[in-house]
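Peer 1: In this text, residue positions in the sequence shown follow our numbering: the first is 87, and each later residue adds one.
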Amino acid sequence: MRAPVTLCGGAGDNAASAIGMGVADAGSAFLSLGTSGVLFAGTDRFAPNPAQAVHAFCHCLPERWHQMSVILSAASSLAWLSDVLGKDVVELVSCAEKADAQRAPLFLPYLSGERTPHNDANAKGVFWGLTGAHGDADLAYSVMEGVAFAMADGYAALQGAGTSLETASFIGGGSRSRFWATLCATATGVAMRRHQGGDVGAALGAARLARLAVTKESVGLVCTAPATLEVCEPDADGRTLAEDRLGRYRRIYAALKDEFAR
Numbered sequence: 087m088r089a090p091v092t093l094c095g096g097a098g099d100n101a102a103s104a105i106g107m108g109v110a111d112a113g114s115a116f117l118s119l120g121t122s123g124v125l126f127a128g129t130d131r132f133a134p135n136p137a138q139a140v141h142a143f144c145h146c147l148p149e150r151w152h153q154m155s156v157i158l159s160a161a162s163s164l165a166w167l168s169d170v171l172g173k174d175v176v177e178l179v180s181c182a183e184k185a186d187a188q189r190a191p192l193f194l195p196y197l198s199g200e201r202t203p204h205n206d207a208n209a210k211g212v213f214w215g216l217t218g219a220h221g222d223a224d225l226a227y228s229v230m231e232g233v234a235f236a237m238a239d240g241y242a243a244l245q246g247a248g249t250s251l252e253t254a255s256f257i258g259g260g261s262r263s264r265f266w267a268t269l270c271a272t273a274t275g276v277a278m279r280r281h282q283g284g285d286v287g288a289a290l291g292a293a294r295l296a297r298l299a300v301t302k303e304s305v306g307l308v309c310t311a312p313a314t315l316e317v318c319e320p321d322a323d324g325r326t327l328a329e330d331r332l333g334r335y336r337r338i339y340a341a342l343k344d345e346f347a348r
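1. So, for Phe213: in the same chain, excluding its five sequence neighbours on each side, which residues have a beta-carbon less than 6 Å away from its beta-carbon?
2. Tell me the DSSP secondary structure of Val109 in three-state form.
3. Rounding to the nearest angstrom, what Cα-Cα distance links Val176 and Gly240 in this structure?
4. Mapping the DSSP letters down to three states, classify Phe235 as helix, strand or coil.
5. Measuring only the C-alpha atoms, how far is Glu329 from Leu147?
6. Classify Thr129: buried if its beta carbon has 16 or more other beta carbons within 10 angstroms, exposed otherwise.
7. Going along the chain, which residues of its own chain have a beta-carbon closer than 8 Å to the beta-carbon of Ala296, five neighbours each way excluded?
8. Please list the segments of the alpha helix (DSSP H) lying wholly inside the stretch 163-208, counting only runs of 4 or more residues, in order along the chain.
9. Is the stretch 230-238 in contact with the stretch 251-259, if contact means three or more CB pairs nearer than 8 Å?
10. Nearest CA to the CA of Asp169: which residue from Phe235, Asp344, Ser118 and Ala226?
11. Taking the C-alpha atoms as reference points, what is the distance between Ala271 and Arg264?
12. When DSSP labels each residue in this structure, what does Leu158 get in the three-state scheme?
13. Going by C-alpha distance, which of Phe116, Phe235 and Glu316 is nearest Thr274?
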């Protein structure tokens with residue numbers, strides 16, 4: 087290794103993903119569906135909401151801050167269902183796209199407890215409203231919808247700290263599904279942007295931090311968003327049904343909270 091060697095500050099996985107996706111300034115955001123689910127929003131100030139388990143930290147760039155809502159079981163909920171049913175995840179997503187949302191059961195994706203907004207280690211996963219008429223497609227839809235509803239709860243917690251978003255980059259393994267992007271957009275009311283290379287944002291972000299340290303280039307020049315493949319808007323026709331089901335989803339958790347703790 088030849089001198090001089092530049093030592094630069096790095097970042098956690100989500101902050102690095104933010105830099106990879108161009109989420110550096112207030113009003114920019116990403117929603118990531120990996121093993122866990124994260125809604126990451128850039129802010130221009132420290133904006134905590136500890137009562138609803140919102141993470142609020144300095145960003146990995148100077149004079150910038152960020153918030154995160156985190157759910158513990160996102161794409162891992164669909165992977166769990168895949169294992170239980172013995173069906174490939176891609177096949178389950180295809181089935182879910184054909185399901186009747188109005189008759190599907192509801193799913194609480196608390197397979198590992200939950201963080202934002204409940205901070206409840208005792209919370210458990212729940213299928214609500216199962217009948218003998220339900221099949222694989224209904225369960226797959228319910229799991230994907232339940233994760234979207236959990237992200238909507240997280241966004242509500244960020245809103246409680248003063249954050250409002252119009253769009254968010256949709257990244258992580260779950261970003262391969264346009265259908266899931268639309269479910270998340272409809273549940274949150276925030277348009278989801280699917281990007282080229284949206285599943286490798288953290289590695290790109292780490293490389294960009296190193297570049298900034300070496301070249302002293304401007305953040306605006308280096309930390310740009312990758313090419314947008316498409317924007318998934320909230321489904322206007324499905325919004326009323328989604329709001330009704332989200333309300334029931336929230337009431338189910340409230341009704342079961344004490345039972346989870348027993």
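For glycine and all other residues, C-beta sits at the position ideal for the given N, C-alpha and C. In this text, all values refer to a predicted model and were calculated from it rather than measured experimentally.
Peer 2: Taking the coordinates as given:
1. By 1-based counting over the sequence shown, the position of residue 213 is 127. If we look at Phe213 and ignore the five residues flanking it on each side, its Cβ neighbours are Pro191 and Phe193.
2. As a first step, residue 109 must be located in the sequence shown, where it is residue number 23. Val109 falls in the coil class under three-state DSSP.
3. As a working note, residue 176 is residue 90 in the sequence shown. As a working note, residue 240 is residue 154 in the sequence shown. About 26 Å.
4. Walking along the sequence shown from the start, residue 235 turns up at place 149. Three-state DSSP puts Phe235 in a helix.
5. Taking the sequence shown and counting its residues from 1, one reaches residue 329 at position 243. Taking the sequence shown and counting its residues from 1, one reaches residue 147 at position 61. Distance between the alpha carbons of Glu329 and Leu147 is about 37 Å.
6. Within the sequence shown, residue 129 is the residue found at index 43, counting from 1. Buried, because 16 or more other Cβ atoms sit within 10 Å of the Cβ of Thr129.
7. Along the sequence shown, read from residue 1 onward, the residue named residue 296 stands at position 210. Excluding sequence neighbours, Ala296 sits near Thr92 and Cys94.
8. Counting only runs of 4 or more, we get 175-183.
9. no
10. Mapped onto the sequence shown, residue 169 falls at position 83. Comparing Cα positions, the closest option is Ala226.
11. Position 185 of the sequence shown, counted from the first residue, corresponds to residue 271. Position 178 of the sequence shown, counted from the first residue, corresponds to residue 264. Computed Cα separation, rounded: 10 Å.
12. The residue labelled residue 158 in the question sits at position 72 within the sequence shown. Coil.
13. Mapped onto the sequence shown, residue 274 falls at position 188. The candidate whose alpha carbon is nearest that of Thr274 is Phe235.
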